[in-house]
Amino acid sequence: MRIAILLLNTGRGSGEVARQHVRHLVRQGHKVYFMHPGMSDGVPGAVNLDIVLHTPVTPVHEYLPSAGSRQKQVARMSFEEMSAYLPDYEKVLESIAGETDIFIGHHANLSAIAVHNVAKKHNKPYVLFIHGTGIEPRHEELWDDRVWNLIENAINGAWGIIVTTEYVRDELIKPLIPLPDDKFLILPCGVDLYDFRPDNIKGIKEKYSLPGKYIICPGALTKSKGPQNVVEASKEYAHLAQTVFIGDGELRDALKKNLGERGMFLGYVSEEDKARLINAAEILTAAPEKKEHFGIIYAEALAGGTPVVAYEGGGVGSIITPDVGFLTERSPETLGEKIAYLLENSELASQMSLTGRIRAEENYDYNKLVRQLVEWLEGFVKS
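Residue numbers (my numbering): 10 to 392.
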């Protein structure tokens, strides 16, 4: 197939999912046109197309405070401001529309509108990969109504909708747009099973001067990601293990002061080091303020043989089952108590480690997931 994949921007979580899909589609022999603003090297083997914006301000679905005035949340744009970006995206889509069998647009935002407009003009099928961060703002009374009407029209017109979990389908999309279940493909985020594996830990503790046992908490140090809850929870298990935070953000100084001698902050680390740090940890934990739509770090932990103790809610329950970790009520004290319990029960932790790896191999192998995606897309192309 000849597949066009459009992102709103370079992206982090959803962007990496798209890049993994592109890599595996190319390996399976498909021609892929990959497009987003700020394209540099792109994905080897794909036709990587840069979207040149008419302004230095990049539209995003989640605003990063560190970005300053270089980003703006598209859900807060006026109809006129959002509309000004559409020609930028549509111009690149138009350039390859005649050579494309099917379009995939990521997120329920202006990228969905652009894909809808071009695919409809050329009478080509298109599907939308709706991540929670794109549609969630409508639940918070954001989006100009005229913009939302265009987004809703694009979603209704799509030949199919991809989501990572039933939570995104049932709690975020269907209350706003009551689509039938058979229009959806539930396709989890995958994980690199080679980098994330239990024995890939060589030299990582020595490199960062880590203790023999540690709890790892990956993610941005922002309130919504909940590192402040993990810092509070650490009081319940600090006598058993320290907590290592990877990532950065505006809360770092305050968190460091509150954490004290109970752990450390490593800041941003390479993807290679991130994998080894997760693989070598006793437990991975997270306590986000908002409910996770999927949570790639949990799948990465399973692949690394690292049990998970995290807040319940959202789509996390589709990844973390009772045989691979604990999901707790949204209380730092309860979270900390469960971590302490698992640290004190090494046999249970070891069993969770083994089961977690098996679960990752069965459910989050990108090779299997992309083959499933291809089979689904072929149904639209052949029809």
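We treat Cβ as the ideally placed atom computed from N, Cα and C, and that holds for glycine.
For residue i, the three-state DSSP class (helix, strand or coil)
| i | result |
| --- | --- |
| glycine 169 | strand |
| valine 52 | coil |
| tyrosine 98 | helix |
| methionine 86 | coil |
| valine 317 | strand |
| threonine 337 | strand |
| histidine 33 | helix |
| isoleucine 105 | helix |
| histidine 63 | coil |
| isoleucine 195 | strand |
| leucine 58 | strand |
| glycine 326 | helix |
| valine 200 | strand |
Closest Cα partner of residue i within the set the options
| i | options | result |
| --- | --- | --- |
| alanine 250 | Glu259, Gly221, Arg79 and Lys234 | Gly221 |
| aspartate 282 | Pro96, Lys216 and Ala84 | Lys216 |
| arginine 393 | Phe303, Ser243 and Arg32 | No answer is possible for residue 393: the residues shown for the chain start at 10 and end at 392. |
| proline 53 | Lys377, Pro65, Pro46 and Gly38 | Gly38 |
| valine 253 | Asn267, Thr109, Leu275 and Gly235 | Leu275 |
| alanine 349 | Gly324, Ala263, Tyr223 and Trp385 | Tyr223 |
| isoleucine 328 | Asp50, Leu260 and Gly199 | Gly199 |
| glutamate 241 | His116, Arg285 and Thr343 | Thr343 |
| glycine 345 | Arg271, Ile182, Leu286 and Glu149 | Arg271 |
| glutamine 80 | Pro65, Asn126, Glu90 and Leu219 | Pro65 |
| arginine 339 | Glu321, Met361, Asn354 and Gly326 | Glu321 |
| lysine 130 | Gly166, Gly141 and Leu230 | Gly166 |
| glycine 388 | Asp262, Gly323 and Lys192 | Lys192 |
| threonine 315 | Thr364, Thr109, Gly323 and Ser120 | Thr364 |
| isoleucine 12 | Asp201, Val31 and Asp374 | Val31 |
Contact check, residue i vs residue j, beta carbons under 9 Å
| i | j | result |
| --- | --- | --- |
| asparagine 372 | alanine 295 | no |
| glycine 107 | leucine 137 | no |
| threonine 174 | isoleucine 195 | yes |
| histidine 70 | asparagine 118 | yes |
| alanine 123 | arginine 206 | no |
| leucine 351 | histidine 33 | no |
| valine 172 | isoleucine 139 | yes |
| histidine 341 | asparagine 238 | For clarity, residue 341 is proline in the given sequence; the question names histidine instead. Yes, they are a contact pair. |
| isoleucine 213 | asparagine 288 | yes |
Bridge partner(s) assigned by DSSP for residue i
| i | result |
| --- | --- |
| isoleucine 135 | The question names isoleucine, yet the displayed sequence has tyrosine at residue 135. In DSSP, tyrosine 135 forms a bridge with Phe112. |
| cysteine 226 | Phe254 |
| proline 68 | Lys81 |
| phenylalanine 389 | Per DSSP, none; premise fails for phenylalanine 389. |
| methionine 10 | Per DSSP, none; premise fails for methionine 10. |
| lysine 40 | Arg11 |
| alanine 295 | Ala319 |
| aspartate 332 | Note: aspartate 332 sits in no beta bridge, so no partner. |
Classification of residue i by the beta-carbon crowding that lies within 10 angstroms, buried from 16 upward
| i | result |
| --- | --- |
| glutamate 301 | buried |
| glycine 20 | buried |
| proline 236 | buried |
| asparagine 18 | buried |
| tyrosine 203 | exposed |
| serine 49 | exposed |
| arginine 28 | buried |
CB contact check: residue i to chain D, cutoff 9 Å
| i | result |
| --- | --- |
| valine 52 | Absent here is chain D; the protein component of the structure consists of one chain. |
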